[in-house]
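K.L.:
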Amino acid sequence: MSQLLQIYEPGATPEPGEGETAVAVGIDLGTTNSVIAVGEAGGARVLRDEDGSALVPSVVAYAADGSSIVGELARRLILDHPEAVVSSIKRLMGRGAGDLKSLAGTLPYEIAEGAEDKAAGDSRMVRIVVAGHTLSPVEISADILRALKQRAEEQLGRRVDRAVVTVPAYFDDGARTATRDAARLAGLEVLRLVNEPTAAALAYGLDEGAEGTYAVYDLGGGTFDVSLLNMQKGVFQVLATGGDAALGGDDFDHAVADRFLAQRVTRFGSEALSISDAKLALMTGRIAKECLSTQRWGEWSLSVGGRHSLHRLERGELEELLAPLVARTISICAQVLEDAGVEPADVKGIVLVGGSTRVPLVRQRVKGLFGREPLAHIDPDEVVAVGAALQAQALTRGSETLLLDVTPLSLGIETMGGIVEKIIPRNTPIPVAKAQEFTTYQDGQRAMAIHVVQGERELVSQCRSLARFELRDIPPMTAGAARIQVTFAVDADGLLTVSAREQTTGSEQKVAVKPSYGLSEDEMARMLYDALQHGAEDMRLRVLTEARVEAHRVLAALASAIGVDGDLLTDDERRGIEARIAEVERAIAGEDRDAIGARVEKLEEQSRPFAERRMDRGIRAALSGRELTDFEAANREGKIAGTP
Amino acid sequence: MDGSKSREKVLSVRTVTAGDGGVGGCWSCHGPVARLALFCGTCAAVQPPGQADHFARLGVDVGFDIDPGSLDRSYFERQRQLHPDRFATRTARERALSQSQATSINEAYETLKDPLRRADYLLHLGFSGATPEGCHLVNDMELLTEAMELREALAEAGTPAEIAALTRRAADDIDRCTNDLSRAFAADDFESAARLATRLKYLRKLADDCRARRLQLASH
Chain A
279 MSQLLQIYEP
289 GATPEPGEGE
299 TAVAVGIDLG
309 TTNSVIAVGE
319 AGGARVLRDE
329 DGSALVPSVV
339 AYAADGSSIV
349 GELARRLILD
359 HPEAVVSSIK
369 RLMGRGAGDL
379 KSLAGTLPYE
389 IAEGAEDKAA
399 GDSRMVRIVV
409 AGHTLSPVEI
419 SADILRALKQ
429 RAEEQLGRRV
439 DRAVVTVPAY
449 FDDGARTATR
459 DAARLAGLEV
469 LRLVNEPTAA
479 ALAYGLDEGA
489 EGTYAVYDLG
499 GGTFDVSLLN
509 MQKGVFQVLA
519 TGGDAALGGD
529 DFDHAVADRF
539 LAQRVTRFGS
549 EALSISDAKL
559 ALMTGRIAKE
569 CLSTQRWGEW
579 SLSVGGRHSL
589 HRLERGELEE
599 LLAPLVARTI
609 SICAQVLEDA
619 GVEPADVKGI
629 VLVGGSTRVP
639 LVRQRVKGLF
649 GREPLAHIDP
659 DEVVAVGAAL
669 QAQALTRGSE
679 TLLLDVTPLS
689 LGIETMGGIV
699 EKIIPRNTPI
709 PVAKAQEFTT
719 YQDGQRAMAI
729 HVVQGERELV
739 SQCRSLARFE
749 LRDIPPMTAG
759 AARIQVTFAV
769 DADGLLTVSA
779 REQTTGSEQK
789 VAVKPSYGLS
799 EDEMARMLYD
809 ALQHGAEDMR
819 LRVLTEARVE
829 AHRVLAALAS
839 AIGVDGDLLT
849 DDERRGIEAR
859 IAEVERAIAG
869 EDRDAIGARV
879 EKLEEQSRPF
889 AERRMDRGIR
899 AALSGRELTD
909 FEAANREGKI
919 AGTP
Chain B
1310 MDGSKSREKV
1320 LSVRTVTAGD
1330 GGVGGCWSCH
1340 GPVARLALFC
1350 GTCAAVQPPG
1360 QADHFARLGV
1370 DVGFDIDPGS
1380 LDRSYFERQR
1390 QLHPDRFATR
1400 TARERALSQS
1410 QATSINEAYE
1420 TLKDPLRRAD
1430 YLLHLGFSGA
1440 TPEGCHLVND
1450 MELLTEAMEL
1460 REALAEAGTP
1470 AEIAALTRRA
1480 ADDIDRCTND
1490 LSRAFAADDF
1500 ESAARLATRL
1510 KYLRKLADDC
1520 RARRLQLASH
């Protein structure tokens, strides 16, 4: 009789899941600064250092032995040891070398040469060399996350193993995957990747009891997002989102540094810039920009190759430099309003997020578009982490609030002539799944290649390549006879999975997705192995926890069943089942994952005749037309019987 | 084997009771559970989404006229129960089931929210002779002429004011066409509804083109 049960078993394998005593935190992993917060009774608390600062600069300094320092100390080291320090690593998450932006022809990073597997072409994530080590952006981000995790564990006195990590809404699949991988590497299970503007809306909306349509304008160090949300009674529904994953305060610094360097060229003639020079020039640009948010003018010195120069800059001049960048954010806002079919006047409030919204020109232009003063009383640096912590709390302890987010970018596949066919349009609510049918164009064709891209443009070359994969083992048929249905599913984290099925034979196809800018599973496994001495222990604990959660589910389900249909059991049978339950409970109290699994299986076996009798009773009841359980949903089905 | 007999039994029962519910087995407690129930009545485990039309999925009456407010409420209500965020610490199977439930609800909501997609879906449900995706144009000379005229007018429009006038006209036509669609569905006149749905598709396209033209003009 085992088959009756198997019909209803889709056969998922347990994955690491719940931790019992550890804390779940919210992390805003920013380009310039990162913040960690924890949900507590009555709200969320941002974790601060001894000086009261919540901001941990997203800067990592590496020593020759590979050990790292993260935060303020690392940032101070930029001046003396620029070659050993990495900043703004978020901009490289899920990216290729071609995405990097140079300063006067010099990149502020040393790119690893030849580290990429040539067979993989240019489709690998960029690696950078720092203090003699070759590191991927995922590893460097993991070092930042590890430091944040440590800060939380020290302050809370408890283990922290799960987190909600925020990402720019406009992050593509590659960058999202890279972020999740970095967290795994740091020993954090990602409960959910939440979009930064959505997290900010959650924190702001819950705090202020906001109702209606709100815009979140989030200009960070390296990314820009704007989201329009409908907020009502605990529901945060994203209507549309847009942005630029490579536009932020860094670009402001760049513009200023460019101007200073150009002034040097007129004075000294052209000069070669080392990587360290580039880092220093960018830092000077940042300092100038920040000063001019409050001062009318200032003067800054720059030193390259032992030659010093002084640069005077006024706020008006700065604004001229920034105007085209700010204009880009404003036109993206206008596009998002159009996408959502919302007039600027219908927006009840504009929430400013991200340190770059401190720039007066930004506030002025945002006000110009929406025709009202943006809300500036919230801390633009901390609100995202607060939202993430609230969401971590909601996910682990339950909540009445609901976040409904959308895909920021259209998802499509390459068709003949390099044209993109859109499968899932942008601003579709997630999770979402769409199926597309493909067929063969040659007799006996056994395989087919599919290229998945993300973006709004019509040509594949103008979109971002996400992954390539091959469908293999297609049954040989005449051209056009095979019907291969490929399903593209985007989950609540905004991550894509692809599955394929041949329709005429029903055979499942192998889909090996090669991420265009991500890490392969092998690389990830090696890094996990290398990076975590305690990684094995973390992994063992997570797998054990998952086995316990599953065992608890089985016990609870059986207890409910006995509560309803207990009369179907003889005393002997009941004693038999109770004995098995006791065994499962003993196994749960132990530390052996396999023992738990084995005991649960024994229990399921013991209670199988009971399940069959319950099914029989249920079927008889249904046939005699008696109300069985909750038929509410089922009855509605009858309304249009006979329609497809 | 015993097992295959039981499977037959279950499958035949499904056929017998199709239309007024039916019974399946709960994957978690293995007892009977009403088909399309969101949760098992016995052990409260989340169930797979099953086959249902979009109206049933969201618990709204079948028809073209839908109150957007109540559609939203219904959608939020179901997502509150079934969204993956409610299952973040549950077993892998429950997480996967909640994802498929939430996916089905989103699909239903996206289809019913938009008047054009709703019209297409109703035609697909109630009028199997209808060819979806605007295949009626060829037979509809009136629509064809109208579409060509509007397109020409747009191509000739050179000033923002002219484009704005066309945009307004398209918006008015879209409103009127949507009202006509509502009347056609109310009268069970699927023939007219199919024609109007095609017209609405063209008007939407025109409105999009107006927007593109305006942006094009603004960027020069």
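For the record, the sequence lines run as chains A and B.
For the first sequence, the numbering used here gives the first residue as 279, with consecutive numbering after it.
For the second sequence, the numbering used here gives the first residue as 1310, with consecutive numbering after it.
C-beta: ideal position from N, C-alpha, C; glycine also.
For A/MET893 and chain B, any beta-carbon pair shorter than 8 angstroms?
P.N.:
yes
K.L.:
Return the chain-ordered list of same chain residues with a C-beta closer than 8 angstroms to the C-beta of B/ALA1439, the five sequence neighbours on each side being excluded.
P.N.:
Here the model assigns B/ALA1439 a pLDDT of 48, short of 50, so the residue's position is not dependable, and the following value carries that caveat. Contacts found: LEU1432, HIS1433, PHE1499 and ALA1503.
K.L.:
According to DSSP, what are the bridge partners of A/MET509?
P.N.:
A/GLY490 and A/PHE514
K.L.:
How is the beta strand (DSSP E) around A/ALA939 delimited, first residue to last?
P.N.:
The question about residue 939 of chain A has no answer, for chain A in this structure spans 279 to 922.
K.L.:
Interface residues of chain A around B/SER1383 at Cβ under 9 angstroms?
P.N.:
Going along chain A, no residue has its Cβ under 9 angstroms from B/SER1383, so there is no contact; the nearest lies around 11 angstroms.
K.L.:
Using only the alpha-carbon positions, how far apart do B/ASP1362 and B/ALA1417 sit?
P.N.:
8 angstroms
K.L.:
Jot down the residue ranges of each uninterrupted alpha helix (DSSP H) in the region 1361-1446 of chain B, minimum 4 residues, whole runs only, in chain order.
P.N.:
As far as the region 1361-1446 of chain B is concerned, its whole alpha helix (DSSP H) runs of at least 4 residues are 1363-1367, 1377-1391, 1401-1422 and 1424-1435.
K.L.:
Which of the three DSSP states, helix, strand or coil, is assigned to B/ALA1346?
P.N.:
coil
K.L.:
Strictly below 8 angstroms CB to CB, what residues from chain B border A/LEU680?
P.N.:
Neighbours of A/LEU680 on chain B, chain order: PHE1385, GLN1388, ARG1389, HIS1392 and ASP1394.
K.L.:
Considering only DSSP beta bridges, list what A/LEU681 is partnered with.
P.N.:
A/PHE514
K.L.:
In whole angstroms, what separates the C-alpha of A/ALA829 from that of A/ASP450?
P.N.:
37 angstroms
K.L.:
Using the Cβ count rule (16 or more neighbours within 10 Å means buried), how would you classify B/GLN1525?
P.N.:
Only exposed fits B/GLN1525, as fewer than 16 other CB atoms lie within 10 angstroms of its CB.
K.L.:
Which residues of the region 1342-1365 of chain B have a Cβ closer than 8 angstroms to any Cβ of chain A? Give them in chain order.
P.N.:
VAL1342, ALA1343, ARG1344, LEU1345, ALA1346, LEU1347, PHE1348, CYS1349, GLY1350, THR1351, CYS1352, ALA1353, ALA1354, PRO1357, ALA1361, ASP1362, PHE1364 and ALA1365
K.L.:
Straight-line CA distance for B/SER1409 to B/ALA1397?
P.N.:
14 angstroms
K.L.:
According to DSSP, is A/SER552 helix, strand or coil?
P.N.:
coil
K.L.:
Could you please give the first and the last residue of the uninterrupted beta strand (DSSP E) stretch that includes A/VAL698?
P.N.:
697-702
K.L.:
List, in order along the chain, the chain A residues whose C-beta lies closer than 8 angstroms to that of B/ARG1520?
P.N.:
GLU616
K.L.:
For A/LYS626, does the count of other Cβ atoms within 10 angstroms reach 16, so buried, or fall short, so exposed?
P.N.:
exposed
K.L.:
Find out if the Cβ-Cβ distance for the pair A/TYR340, A/VAL416 is shorter than 8 angstroms.
P.N.:
Result no, Cβ atoms of A/TYR340 and A/VAL416 do not sit closer than 8 angstroms.
K.L.:
Using beta carbons (cut-off 8 angstroms, strictly below), is A/ASP447 in contact with chain B?
P.N.:
First, the amino acid is wrong: residue 447 of chain A is Ala here, not Asp. No, because no Cβ of chain B sits closer than 8 angstroms to the Cβ of A/ALA447.
K.L.:
Is A/ILE610 helix, strand or coil when you go by DSSP?
P.N.:
Annotated three-state conformation of A/ILE610 is helix, per DSSP.
K.L.:
Please list, in chain order, the chain B residues whose beta carbon lies closer than 8 angstroms to that of A/ALA488.
P.N.:
The premise fails here: A/ALA488 is roughly 16 angstroms from chain B at the closest Cβ pair, so nothing lies under 8 angstroms.
K.L.:
Check whether the Cβ of B/GLU1471 lies closer than 8 angstroms to any Cβ atom in chain A.
P.N.:
no
K.L.:
Find the nearest neighbour of A/SER587 within the set A/GLY868, A/VAL543 and A/GLU595, judged by alpha-carbon distance.
P.N.:
A/VAL543
K.L.:
At the 8 angstroms Cβ level, is B/GLN1408 part of the contact set with chain A, yes or no?
P.N.:
Closer than 8 angstroms: yes.
K.L.:
Quick check: the Cα distance between A/ASP306 and B/ALA1405, rounded to an integer number of angstroms?
P.N.:
27 angstroms
K.L.:
Assuming A/PRO709 contacts B/ASN1415 under a Cβ cut-off of 8 angstroms, what Cβ separation, rounded to an integer in Å, is found between them?
P.N.:
Contact between A/PRO709 and B/ASN1415 holds, with the beta-carbon distance rounding to 7 angstroms and staying under 8 angstroms.
K.L.:
Give me the chain B residues within the contact set of A/PRO707, using Cβ-Cβ distance strictly less than 8 angstroms, ordered along the chain.
P.N.:
ASN1415, TYR1418 and GLU1419
K.L.:
Would you say A/LEU673 reaches chain B, if we count a Cβ-Cβ gap shorter than 8 angstroms as a contact?
P.N.:
Yes, A/LEU673 counts as interfacial toward chain B.
K.L.:
If you run the structure through DSSP and keep just helix, strand and coil, what is A/ARG761?
P.N.:
Coil, per DSSP.
K.L.:
Can you give me the Cβ contacts of B/PRO1490 inside the same chain, cut-off strictly under 8 angstroms, excluding the 5 residues immediately before and after it?
P.N.:
As written in the sequence, residue 1490 of chain B is Leu, which differs from the Pro given in the question. Excluding sequence neighbours, B/LEU1490 sits near PHE1373, PRO1424, ALA1428, ALA1502, LEU1505, ALA1506 and LEU1509.
K.L.:
Fully enclosed by the region 863-894 of chain A, which alpha helix (DSSP H) runs are 4 residues long or longer?
P.N.:
871-884
K.L.:
A/ARG470 versus chain B: which residues are under 9 angstroms apart at the beta carbon?
P.N.:
Going along chain B in sequence order, the residues near A/ARG470 (Cβ under 9 angstroms) are PRO1393, ASP1394 and ALA1397.
K.L.:
Which residue from A/GLN433, A/ARG454, A/ARG436 and A/ARG437 puts its Cα closest to that of A/VAL443?
P.N.:
A/ARG454
K.L.:
Between the beta-carbon of A/SER414 and the beta-carbon of A/MET403, is there less than 8 angstroms?
P.N.:
yes
K.L.:
My guess is that A/GLY452 and A/GLY498 are in contact by the Cβ rule of under 8 angstroms, so how many angstroms apart are they, rounded?
P.N.:
That pair is no contact at about 19 angstroms.
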